[in-house]
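Novice:
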Amino acid sequence: MFESIFQNIRNSKPIVHCITNFVTVNDCANIILAGGGSPTMAHHKDEVEEITQNSQSLVLNMGNVHEVSSMILAGEKSNSLKHPVVLDPVGIGASKLRNETFINLSENIKFSVIRGNISEIKAIANGKGITKGVDANEKDKVTEENLKETVEMAKMMSKKLGSIIAISGSIDIVSDKEKTYIIRNGHPIMAKITGTGCMSTALIGTFCGANKDNILEATACAVATMGISGDIAFKKMKIFEGGTMMFRMFLIDSISNMTLDIINGGINIEEI
Amino acid sequence: MFESIFQNIRNSKPIVHCITNFVTVNDCANIILAGGGSPTMAHHKDEVEEITQNSQSLVLNMGNVHEVSSMILAGEKSNSLKHPVVLDPVGIGASKLRNETFINLSENIKFSVIRGNISEIKAIANGKGITKGVDANEKDKVTEENLKETVEMAKMMSKKLGSIIAISGSIDIVSDKEKTYIIRNGHPIMAKITGTGCMSTALIGTFCGANKDNILEATACAVATMGISGDIAFKKMKIFEGGTMMFRMFLIDSISNMTLDIINGGINIEEI
Amino acid sequence: MFESIFQNIRNSKPIVHCITNFVTVNDCANIILAGGGSPTMAHHKDEVEEITQNSQSLVLNMGNVHEVSSMILAGEKSNSLKHPVVLDPVGIGASKLRNETFINLSENIKFSVIRGNISEIKAIANGKGITKGVDANEKDKVTEENLKETVEMAKMMSKKLGSIIAISGSIDIVSDKEKTYIIRNGHPIMAKITGTGCMSTALIGTFCGANKDNILEATACAVATMGISGDIAFKKMKIFEGGTMMFRMFLIDSISNMTLDIINGGINIEEI
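If you read the sequences in order, they're chains L, E and A. Quick note: the first sequence, position 18, residue 18 per full-length UniProt numbering, numbers continuous. Quick note: the second sequence, position 266, residue 266 per full-length UniProt numbering, numbers continuous. Quick note: the third sequence, position 224, residue 224 per full-length UniProt numbering, numbers continuous.
1) Can at least three beta-carbon pairs, one atom from the segment 184-204 of chain A and one from the segment 145-154 of chain A, be found at a separation below 8 Å?
2) Let me see if you follow: with CB-CB separation under 9 Å, is R115(E) close to chain L or not?
3) Any idea what DSSP makes of I19(L), helix, strand or coil?
4) Excluding five sequence neighbours on each side, which residues of the same chain lie with their C-beta closer than 6 Å to the C-beta of I252(A)?
5) Have a look at K148(L), L147(L), K139(L), T180(L) and flag the residue whose alpha-carbon is nearest the alpha-carbon of K159(L).
6) Do we get a CB-CB distance below 9 Å when we pair M249(E) with the residues of chain L?
7) List in chain order: all unbroken alpha helix (DSSP H) runs of 4+ residues lying wholly within the segment 181-239 of chain A.
8) Interface residues of chain E around M245(L) at Cβ under 7 Å?
9) Under 9 Å, do P14(A) and Q56(A) count as touching if we go by C-beta distance?
10) Going by DSSP in three states, A166(A) sits in which element: helix, strand or coil?
11) Where do the ends of the alpha helix (DSSP H) carrying T52(A) lie?
12) If G116(L) and V142(L) are in contact, beta carbons under 8 Å, what's the gap, nearest whole angstrom?
13) Closer than 8 Å is the cut-off here; do at least three beta carbon pairs connect the segment 85-96 of chain L with the segment 35-51 of chain L?
14) Are the C-beta atoms of V23(L) and some chain E residue less than 9 Å apart?
15) Whose Cβ in chain L lies nearer than 7 Å to the Cβ of P39(E)?
16) Measuring CA to CA, which of F207(E), K110(E), G242(E) is closest to V223(E)?
17) So is the beta-carbon of N214(L) under 8 Å away from any non-hydrogen atom of the ligand COA?
18) Any idea if T225(E) is buried or exposed, counting beta-carbon neighbours within 10 angstroms, 16 or more meaning buried?
19) Decide if I19(E) is buried, meaning its Cβ has at least 16 other Cβ atoms within 10 Å, or exposed.
20) Cβ of G127(L) less than 9 Å from any chain E Cβ?
21) Between which two residues does the alpha helix (DSSP H) containing E149(A) stretch?
22) Check distances from the C-beta atoms of the segment 96-109 of chain A to those of chain L and list, in chain order, the residues that come in under 8 Å.
23) Taking the alpha carbon of T194(L) as the point to measure from, which residue in T150(L), M249(L), K122(L), N211(L) has its own alpha carbon closest?
24) Counting beta carbon pairs with one atom in the segment 211-218 of chain A and one in the segment 253-269 of chain E, are three or more of them shorter than 8 Å?
25) Could you confirm whether any beta carbon from chain E is found closer than 9 Å to the beta carbon of S256(A)?
26) Residues in the same chain with beta-carbon distance under 8 Å from L260(L), minus the five sequence neighbours each way, listed in chain order, please.
27) For my contact list, V23(E) and V25(A) are in at a C-beta cut-off of 8 Å; report their separation, rounded to the angstrom.
28) Which one of N185(E), E149(E), R98(E) has the shortest CA to CA distance from I124(E)?
29) In angstroms, rounded to a whole number, what distance separates the CA positions of A166(L) and G227(E)?
30) Assign L81(A) to buried or exposed, taking buried as 16 or more other Cβ atoms, counted over all protein chains shown, within 10 Å of its Cβ.
31) Is there at least one Cβ from chain C nearer than 9 Å to H43(A)'s Cβ?
32) What does the alpha-carbon distance come out to for the pair H17(L) and I272(A)?
33) Going by DSSP, name the residue or residues bridged to E271(L).
34) Determine the DSSP secondary structure at S95(L), reduced to helix, strand or coil.
35) Tell me which same chain residues have a C-beta within less than 6 Å of the C-beta of I9(L), skipping the five on either side of it?
36) To the nearest angstrom, how far is the alpha carbon of E100(L) from that of N64(E)?
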């Protein structure tokens with residue numbers, strides 16, 4: 001599965017257009033480069049359609065609630081060009097504005113993939129929010145016990161919204177309406193840096209930009225690559241007795257040094 | 001003093017709402033996480049009241065002079081909820097706009113803590129600016145010789161403004177109208193990276209968010225934690241023969257690895 | 001050549017005013033500090049003239065197409081004060097908005113230096129764009145084969161625009177209408193992190209701010225310093241088996257640790 005997906009990225013070096021928040025925008029640009037893509041973070045409404053036209057995928061991050069009209073312009077253009085469009089519904093459930101923004105975006109744009117933490121995905125599923133800030137609520141956490149019902153929720157959402165659903169956490173879920181990948185890579189320290197979620201979404205955009213005909217597997221690969229890099233980065237951080245910022249460095253470093261062999265050696269993925 | 005303050009952060013994991021500048025926003029979010037809090041950097045005027053309502057403290061950073069109306073909405077809401085509100089008057093004295101912004105904010109919001117470098121604090125005290133850019137002016141520097149008069153100035157400001165005054169520099173001062181902590185930790189290299197001040201303010205917001213009934217000591221602890229981390233980070237940087245960016249990494253790393261033992265072993269604090 | 005340029009930076013510690021994009025703004029501020037300057041990133045139209053007045057140079061980065069009116073206010077003020085003004089035409093050629101923004105800026109501001117990748121510089125030379133995203137187009141690449149004609153293009157542009165032209169790539173070119181420096185330092189990995197170009201421009205602003213009477217050599221020095229730091233950073237990254245983020249850290253670290261001896265030992269510069 002991974003071989004052709006990686007090869008397509010190397011061959012096409014996809015340009016990934018991101019309209020994203022200003023907190024983690026630098027990390028997102030760097031992880032796209034590390035993953036083999038070329039980032040463009042243009043968000044002015046007078047140029048986003050042109051920029052998207054020359055890109056291979058579009059990443060919309062709701063952390064930037066100031067640029068909704070740009071997101072809609074870029075999203076509609078991407079849809080018309082059949083570019084993959086990846087949504088990160090950052091903080092949905094945390095404010096009425098975020099909930100309305102999601103509705104506004106989803107009424108105008110067809111998303112190829114929606115990636116969020118479990119609280120964000122539940123906020124979409126329930127049509128109401130239980131998110132605290134931008135981090136997942138502890139009581140929503142995906143465990144082996146509630147995994148089956150969470151997968152069912154993801155499948156139903158995918159059927160209803162027509163998007164692949166990616167849920168990030170200690171257990172990652174990537175699902176369309178029929179097929180689901182369960183990925184058990186990554187480390188809890190990933191929640192101790194800002195931007196892990198945003199970066200994961202940006203990497204999905206990179207993988208999908210080069211694999212338009214295989215969005216489900218491209219998304220699963222991106223999520224697994226992120227998790228495996230988290231595993232490697234934590235070990236390296238321990239060797240040098242570092243903390244969360246050294247972890248972030250090694251996380252993106254590991255993406256930039258990723259090979260098929262490292263993936264195959266580290267991946268813990270299950271298809272159900 | 002430190003034990004209960006740290007324990008309260010670990011127990012409550014405070015959500016810290018920051019309306020801050022786009023230069024150092026990523027560093028601020030990461031230091032809040034490293035310090036044991038959960039950051040939310042929402043700044044759209046249509047959601048800041050809701051976001052603040054679900055947070056435990058508010059950090060306002062005047063480096064973002066575009067979002068003053070959002071700051072006032074969030075500040076008024078925080079005041080009504082008795083959340084700690086921490087102000088960083090970045091660049092006050094450097095332009096009329098900054099001076100007017102400070103007046104505008106202080107007429108509408110009661111600040112629990114105001115933290116700045118000595119030039120910024122003097123600009124407030126004098127009602128006129130002598131700041132050059134965003135860095136402290138060399139001739140304003142706090143020394144052992146002018147320490148006593150600087151402490152008196154801080155006490156008077158605290159009495160007048162009803163806020164704790166925190167002055168950052170080679171000697172740090174944290175004072176209310178009666179009691180003052182003098183902290184002699186940290187390293188001059190802290191002035192060679194952008195964001196040390198902003199990060200210090202964000203960390204104060206984290207410590208205060210979990211210690212609402214003890215703002216003075218929480219602020220002193222945050223300032224000391226920052227200084228001790230600077231000491232550790234400089235030593236680590238030297239081992240690896242790095243420069244300013246490695247220093248920044250180890251600065252936040254040291255916050256993320258901080259323990260009560262490290263604090264007690266490294267702190268140089270005096271109460272007067 | 002380098003000795004006096006470096007000495008002037010150490011002596012004057014120039015304040016560098018940047019109006020720049022939010023993707024790489026933190027890196028730009030940090031490289032200015034590492035290079036010996038003091039950054040101020042103020043971009044509100046109501047304060048940029050005052051801020052520029054108290055600065056020694058101005059850096060305008062077209063990645064921020066939202067702040068063109070602020071750029072013009074600051075640029076006109078800088079011109080009137082004879083401060084060096086450095087333009088980074090990020091993404092020119094990628095959209096009509098960028099092309100119009102360049103025209104708008106160049107009709108109102110006299111630039112001391114314009115620094116871009118070869119695709120951006122060609123877009124200016126040709127009056128039409130061939131840029132893909134923000135990275136240089138592979139087919140535009142400067143090689144030993146097309147070096148002579150590229151230098152001629154730079155000289156002609158310099159004559160026409162009255163600005164020094166700096167072209168970044170595997171071979172760097174810094175030229176006025178008569179004299180050209182060819183610099184063969186740096187490493188291809190510099191294209192694998194975001195912000196190398198923006199940082200290079202910010203460093204040029206720092207060097208020029210302290211060397212107003214010698215802009216050509218100051219620009220060449222800044223470009224060479226960037227390249228030599230890239231060489232050093234790549235070697236260090238290899239020692240620690242890191243990736244692109246460790247490279248970025250060591251890149252800015254090397255600027256912060258730069259000495260005249262390191263420069264003289266590493267530089268590969270040719271004057272034609």
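Built from N, CA and C at the ideal position, the CB exists for glycine as well. Keep in mind that this is a model prediction, so the values were computed, not measured.
Specialist: For this structure:
1) no
2) no
3) strand
4) N30, I31, A34
5) T180(L)
6) yes
7) 196-209, 215-239
8) N30, M249, I252, D253
9) yes
10) strand
11) 48-53
12) Rounded, the Cβ-Cβ distance is 12 Å, inconsistent with contact.
13) no
14) yes
15) T194
16) F207(E)
17) What this structure holds is no ligand at all, so the ligand COA is not there to describe.
18) buried
19) buried
20) no
21) 147-161
22) K96, L97, R98
23) M249(L)
24) no
25) yes
26) F2, E3, F6
27) 5 Å
28) R98(E)
29) 41 Å
30) exposed
31) Among the protein chains of the structure shown, namely L, E and A, there is no chain C.
32) 40 Å
33) Y181(L)
34) coil
35) G36, A210
36) 26 Å
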